[in-house]
Amino acid sequence: MPIINEEIASAFGELADLLELTGADRYRILAYRRAAATLAGFARDVGKISEKELTGLSGIGRATASKVREFIETGTMRALEDARAELPPGVLEMTTLPGMGPKKAMLLHSELGINTIDELQTAIEGQRLRELKGFGSKTEEKLLGAIGRRAHASKRFLLEGAFELADEILRELRALPQVSRAEYAGSLRRMKETIGDLDILAAADDPAPVMEHFASMRFGRKRGSIARGPTKSSIVTKAGLQVDLRVVAPDEFGAALQYFTGSQAHNVAVREIAVKKGMKLSEYGLFTVEDGKRIAGATEEEIYQALGMQTPLPTMRENRGEIPLALDERLPSVIRREDIKGDLHAHTVYSDGTGSVAEMVQAGAEMGYSYFAITDHGGGRWRFTEKIIRKQRQEIERVSRELGGGMTVLQGVEMSIRPDGSFAFSDEVLASFDFVIASVHDALGMDPDAMTRRLIRVMEHPEVNIIGHPTSRRLQKRPPISFDLEAVFRAAAANDVALEISAHPERIDLKDDHVRLARELGCLFSIDTDSHGPGRLHRMRYGVGTAQRAWVPAEEVINTWPLQRLKKFFAKKA
DNA sequence: GCCGTTTTCGGCCCGACTGTTTTCAGTCG
């Protein structure tokens, strides 16, 4: 999705946060949040759509549309700048601590003059918080813990932002006449759940114009600091992500790509194989030791082939057993993006999604799926009554006839799991859905034994088919819930409940290590995006990448199956 | 600030959990 959409969404989000601190009308705040969500979920560049189309988007009216245009023209919004000027920036930052919302942050600011997280830490250590109403020893303890974790977290970036930036850079580089190939490498290509920096490679005989162009590109609107050499340039984006571009000769491209993709452990092992065969592998190519003659280098495949190996997928290059198998020509076949026949987790405006049923179905059809599921939230605050469930069912049936293009649209539901492992809906209501996802959304801090019981009870429920984002973590925001992974995974396998691999970039849940464990215990998986807007469905690739990192074959992923087999699985009659 | 096959004005953001305040405010999803 276009970077400008994300930027404007983030500006509205910040505006809403700031207004919340200073106590603006809550519905105005809500309106900005809705506008932000809509823009973030919109697939096309908002700068390139008509006024009518813009105000036609849900949650965008005259005032927000004019702010959108203002941002496109000036790079900011008057209202945002005014709101920023009202408070020290650290006050907003304090609200990123779990348990610290706008009310508490403002109280600390106004009563104790605390304006940064550092000052907060000092105040807690000096036991000054206890004087304030609403602050006790537990709060102090929690905040100190959160501040500590924050200090230890190294600066890593979520996949999505990095991917979008990489895609944009590649699009521009590939359009240059001098560039014959361009790819991203590094941990992004291996699809690690977070990445430290972005490595881009381009093949060109003459690097100078490529470097020139790279230096002139805008990164997230603001040109970052830049270091330039003849074949390597580095830029640090506004967000702090370092982007390295290396330009290599076309006949070195494969070697460079292999080298910069890593992982380091994989490369070390591959080089050892080269040495044993009387060859030398570097980022410039594969050479004979004897006379330094180039054997391979233009593509990765020819390098691996020359070493007598299959080419492992980038996502499998972690030296976790892939090398002996590649040497034996026995690399397992793992899932590919094109194996996915449908997305089984998506929200609409019936709960907290930004898209209508029609918009989501259309987006699903555009992904080329043969089936697609609408799974709004059941229970909790969403008044998803039996009447509304029926209404949604009718809407789904009508819309899928009109827009589905032959795609089957299922009506599922994502049920919040209560602390005792029960649901807000009766079994009868649950049975009226095509299938049921069950997810932990609250009471995240339960002790592991209780959490394990809670989840096992869910596994044994006859209507439950998928556990959504099983550890409920939020990358860089919230740790996973604690439970006995093995016991719960065993229960899933025994009860025909699939474990979700959420492709949501903030979740990536299950993560690769957990998927590996679950595979060993015989579990099946469902790779889903948990999309809350029509522009999010492409996130499927992060889930597929995660599954690949755990060597999952398509066969073990229920949403690669034909619809009839999937339905049997949901009916637990497989 | 947005929105309308119940409304162009009056709704919209609610239920559960947590910690602390003994009756509930703040936070989170």
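In our numbering, the protein residues as written are 57 to 630. C-beta atoms are modelled at their ideal positions from N, C-alpha and C, and glycine is treated no differently.
Residues bridged to residue i (per DSSP)
| i | result |
| --- | --- |
| V299 | L254 and I291 |
| E556 | S582 |
| H433 | E470 |
| K336 | F343 |
| V304 | A259 |
| D613 | Note that residue 613 is Val in the sequence shown here, rather than Asp. Paired residues: F581. |
| S587 | A402 |
| D565 | S558 |
| R140 | According to DSSP, R140 bridges with nothing at all. |
Continuous beta strand (DSSP E) stretch holding residue i: start and end
| i | result |
| --- | --- |
| M372 | Looking at the DSSP string, M372 is not in any beta strand (DSSP E), and its letter there is neither H nor E. |
| A80 | Counting along the chain, A80 falls outside any beta strand (DSSP E), and DSSP gives it neither H nor E. |
| R530 | Counting along the chain, R530 falls outside any beta strand (DSSP E), and DSSP gives it neither H nor E. |
Coarse secondary structure for residue i, derived from DSSP in three states
| i | result |
| --- | --- |
| R277 | With a pLDDT of only 40 at R277, under the threshold of 50, the placement of this residue in the model should not be trusted; the figure read from the coordinates follows. In this structure, R277 counts as coil in the three-state DSSP scheme. |
| Y427 | strand |
| F626 | helix |
| L399 | Position check: residue 399 holds Asp in this sequence, whereas Leu was assumed. Of the three classes helix, strand and coil, the one that applies to D399 here is strand, per DSSP. |
| T120 | helix |
| G65 | The residue asked about is misnamed: residue 65 is Ala in this sequence, not Gly. Here A65 sits in helix by DSSP. |
| T464 | strand |
| Q361 | helix |
| D476 | coil |
| S389 | coil |
| I522 | strand |
| D384 | coil |
| R37 | What is shown of the chain runs 57 to 630, which leaves residue 37 out entirely. |
| D498 | coil |
| R284 | strand |
| M162 | helix |
| D481 | The sequence shown places Phe at residue 481, rather than the Asp named in the question. Three-state DSSP puts F481 in coil, outside helix and strand. |
| I537 | coil |
| V33 | Residue 33 lies beyond the residue range present for the chain, which begins at 57 and ends at 630; the question has no answer from this structure. |
| G411 | coil |
| L153 | coil |
| R184 | coil |
| L103 | Correcting the residue type first, residue 103 is Gly in the shown sequence and not Leu. DSSP places G103 in helix when its eight states are reduced to three. |
| F545 | helix |
| E394 | helix |
| F127 | helix |
| V571 | helix |
| T178 | helix |
| R90 | helix |
| R621 | helix |
| R439 | coil |
Extent of the continuous alpha helix (DSSP H) to which residue i belongs
| i | result |
| --- | --- |
| L110 | E107 to G112 |
| F491 | Counting along the chain, F491 falls outside any alpha helix (DSSP H), though it belongs to the beta strand (DSSP E) covering F491 to S495. |
| I170 | No alpha helix (DSSP H) holds I170; DSSP gives it neither H nor E. |
| A271 | P263 to S272 |
| A354 | Looking at the DSSP string, A354 is not in any alpha helix (DSSP H), and its letter there is neither H nor E. |
| L313 | F309 to T317 |
| K443 | E442 to L459 |
| Q604 | M596 to R605 |
| P504 | P504 to M515 |
| M150 | P145 to M150 |
The region 613–628 touching the region 568–585, judged by at least three CB pairs closer than 8 Å: yes
Contained alpha helix (DSSP H) runs [length at least 4] in the region 187–252, N- to C-terminal order: 193–208, 215–230 and 242–245
Three-pair Cβ contact test at 8 Å for the region 423–434 versus the region 458–472: yes
Segment contact, 8 Å Cβ cut-off, at least three pairs: the region 564–572 with the region 326–339: no
Given 8 Å, three or more beta-carbon pairs between the region 597–610 and the region 404–411: no
The region 224–233 contacting the region 348–358, beta-carbon criterion three pairs below 8 Å: no
Segment contact, 8 Å Cβ cut-off, at least three pairs: the region 69–89 with the region 136–144: yes
Given 8 Å, three or more beta-carbon pairs between the region 536–548 and the region 505–515: yes
Meets three-Cβ-pair contact criterion under 8 Å: the region 363–383 and the region 321–329: yes
Contact between the region 243–250 and the region 259–273 (3+ Cβ pairs under 8 Å): no
Touching by the beta-carbon criterion (3+ pairs, under 8 Å), the region 543–560 and the region 520–528: yes
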